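Here the sequence shown is numbered in the working numbering, starting from -2 and rising by one per residue. Beta carbons: idealized from backbone N, C-alpha and C, even for Gly. Note that the structure is predicted; figures quoted are calculated from it, not measured.
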Amino acid sequence: MEHSGFLIEAVIYLSAAVIAVPLATRLGLGSVLGYLLAGVVIGPFGLSLVGDTSEEMHIAEFGVALMLFLIGLELQPRKLWQMRGAILGTGSAQLLATAAVIAALAILLFGQDWRSATAVGMILALSSTAIVLQSLSEKKLLRTEGGRGAFAVLLFQDIAVIPILALLPLLAVSGVATDHHGLSGWRYAMALVGIMAAFALGGRYLLGPVLRLIAGSQLREMFTAISLLIVVGSAAAMSWLDLSPALGTFLAGVTLAESEFRHELEADIEPFKGLLLGLFFIAVGANVNFLLMAAYPMLLLVLVVMLVAVKFAVLYSLARVTGMTRGEDWLFALALAQAGEFGFVLVSFAAQNNVIDSTSGNLLIAVIALSMAITPILLLIYEQAIQPRHQRPDGDKEPGDETPPQGDSPVIIIGYGRFGQIAGRLLNACGFNTTLLERNASQLDLVRRYGIKAYYGDASRSDLLRAAGAKNARLAILTLSDQAASLEIVAQLRRHFPHLTILARARNRMHQYALMEAGVQYIFRETVDSAIAIGEKALELLGLSKWQARRAARKFKQHDQQMLESLFPYWRDESRLPARTRVYREQLLQALREDRRDKDLHLDHYWDQSPPADKDAKPGT
């Protein structure tokens, strides 16, 4: 019966999502609001199709943990350094200023003790990473100035949760916090810092060899298994320490941010994250306590309005001080004017440590849930009423919106063997960044010994290509010699990333014809240039001048390419292709014979001489 009940609830949750989310998206409300409304409808205060959602909430919170793992994977030192001003400056200023204002209001208006007021201020100063990033991404606002600023602040907040958790036990109203494994007060805070440092270092130096071992097995399901094991294991470790599981996954992501397996991990985790985040939003909607709202309607309304107003005022002021563009400051302030999902964890943690009482905790949870629920509405107001007023005459795009964002690579090289290495080194030498994908673990390990940064992954997966930045890249260089694999990747690129220009390596003529049929415009046979270069040098050694050899080689290559293109319509016709090929070869031989009889070839004899020395040249020039 319990098994049957679980299946029925699963059907209810999935049905609610399938009905509500597409409808909300079609109405321009966004998927997040659709999930929240679906939760309200099926929850205990709606149609009561599901009862107590506490168990589902625990499962759904894992979606937030997965999201923070993916955020951690993006925190490469180079990107963090580029964003240091926004993260450390604006992020810390927002958190401190908001916490101070809320704490002061809690003391002055509601008579809270300074310890509990400080805790409330820190908890409500955080914003919802899940709702904000999902909503901004859907509305294509994440790469705007306001969206980038919001992301930087959210990044700082996610990192700040760690010290906040360490500080909360020190604010216990009774003066004695709850024991955790025999530790309390400052001892527990020190233990937290030490354990998390050891966790981060262990993850950095132990996970790499394990992932290389798994990748060497060439079993995709095993890599998915190790990806989930990393996330679940890190979450379980933090739960054992009475901390949020999301903090463990965040730290795990950070430790793997520089790993060559980063894109593969991201592609494996992304589908689970999307589904569980949707469940999280449904659970938030179902947990909105309408009985508490009915008991304290005016108080909750006042608290939510005050929270949004205070956070908006602080954020808008920071945007103006930092010189954010008009219109973008509204987006920045409205996007972050709510409390966050970490608030649920922090409120419970604060209540366990006697920092706040249970009544205040219940009110705070209601305020957090309501403020999160109205965020999509605030962004809809911005999109409909505020953004058009500040739209540029030539559209709503900022200068440079069409170019890849700073730090992303304009070129993805798929296959980093000998062929790919030469192309990559040339591009890097000319100042162009490249993202290198290689599915052979031993080859990956080899190039890493020479200090070359490449990532493990199967590029025939569209999710991996998206994780590697294909959406913002300009070129994809395909260097695989395996015809079946290269054609599968070309199909994925053309289907999901049609804006990419594809440059592909062909092993032979048949491979080139298959690539041409697949729609690839720039194709390079792997042996043509080097073979022609050998032939050219051989002609010189046999007595032809340098110019004659170069001219013959160039003419041969041009005619060979023309022949290849002319034979393309017949490449699958085995009965006609050989005869056509013989005709074109005879034409090539005739053209080269006629060229050698050209009487003007001797005029280019200077090709065979060294350039005369410049008498006026100074030594060393």
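Straight-line CA distance for residue i to residue j?
i, j, result
"residue 691", "residue 297", "Within the shown structure, residues of the chain are numbered from -2 to 618, placing residue 691 beyond reach of any answer."
"residue 215", "residue 490", "22 Å"
"residue 205", "residue 385", "48 Å"
"residue 527", "residue 547", "13 Å"
"residue 371", "residue 481", "50 Å"
"residue 524", "residue 419", "14 Å"
Which stretch, first to last residue, makes up the alpha helix (DSSP H) that contains residue i?
i, result
"residue 419", "415 to 426"
"residue 126", "126 to 135"
"residue 379", "Here residue 379 belongs to no alpha helix (DSSP H), and DSSP marks it neither H nor E."
"residue 529", "525 to 538"
"residue 247", "242 to 252"
"residue 281", "259 to 283"
"residue 558", "543 to 564"
"residue 321", "Note, residue 321: premise wrong, no alpha helix (DSSP H); not H, not E."
"residue 289", "287 to 292"
What did DSSP end up calling residue i once you bin it into helix, strand or coil?
i, result
"residue 171", "Caution is warranted here: a pLDDT of 49 is assigned to residue 171, below 50, making its placement in the model unreliable, and the coordinate value is therefore given only provisionally. Residue 171 falls in the coil class under three-state DSSP."
"residue 165", "helix"
"residue 432", "strand"
"residue 473", "strand"
"residue 498", "strand"
"residue 112", "helix"
"residue 613", "Any reading at residue 613 needs caution, since the residue's pLDDT is 47, under 50, leaving its predicted position unreliable; the model's value is listed next. In this structure, residue 613 counts as coil in the three-state DSSP scheme."
"residue 449", "coil"
"residue 42", "coil"
"residue 492", "helix"
"residue 522", "strand"
"residue 371", "helix"
"residue 98", "helix"
"residue 336", "coil"
"residue 456", "coil"
"residue 233", "helix"
"residue 503", "strand"
"residue 308", "helix"
"residue 72", "coil"
"residue 255", "coil"
"residue 353", "coil"
"residue 8", "helix"
"residue 140", "coil"
"residue 80", "coil"
Among residues of its own chain, excluding the 5 on either side of residue i, which ones have a beta-carbon nearer than 7 Å to its beta-carbon?
i, result
"residue 147", "129, 133, 329, 332, 333"
"residue 20", "31"
"residue 458", "264"
"residue 127", "61, 64, 274, 277, 338"
"residue 428", "none"
"residue 156", "none"
Do residue j and residue i count as a contact pair if the criterion is CB distance below 8 Å?
i, j, result
"residue 42", "residue 229", "no"
"residue 452", "residue 434", "yes"
"residue 29", "residue 109", "no"
"residue 649", "residue 115", "Nothing can be reported for residue 649, as the shown portion of the chain is limited to -2 through 618."
"residue 283", "residue 36", "yes"
"residue 472", "residue 443", "no"
"residue 553", "residue 513", "no"
"residue 92", "residue 122", "yes"
"residue 431", "residue 449", "no"
"residue 149", "residue 88", "yes"
"residue 112", "residue 318", "no"
Within 8 Å of any Cβ in chain B, is that where the Cβ of residue i sits?
i, result
"residue 533", "The displayed structure is made up of one protein chain only, and chain B is not part of it."
Report all residues from its chain with a CB closer than 6 Å to the CB of residue i; omit the five preceding and five following residues, and keep chain order.
i, result
"residue 436", "455"
"residue 478", "504"
"residue 414", "none"
"residue 15", "none"
In its own chain, which residues sit with a C-beta less than 8 Å from the C-beta of residue i, not counting the 5 before and 5 after it?
i, result
"residue 530", "550"
"residue 272", "60"
"residue 321", "142, 143, 146, 329"
Looking at the secondary structure, which residues open and close the beta strand (DSSP E) in which residue i lies?
i, result
"residue 408", "408 to 411"
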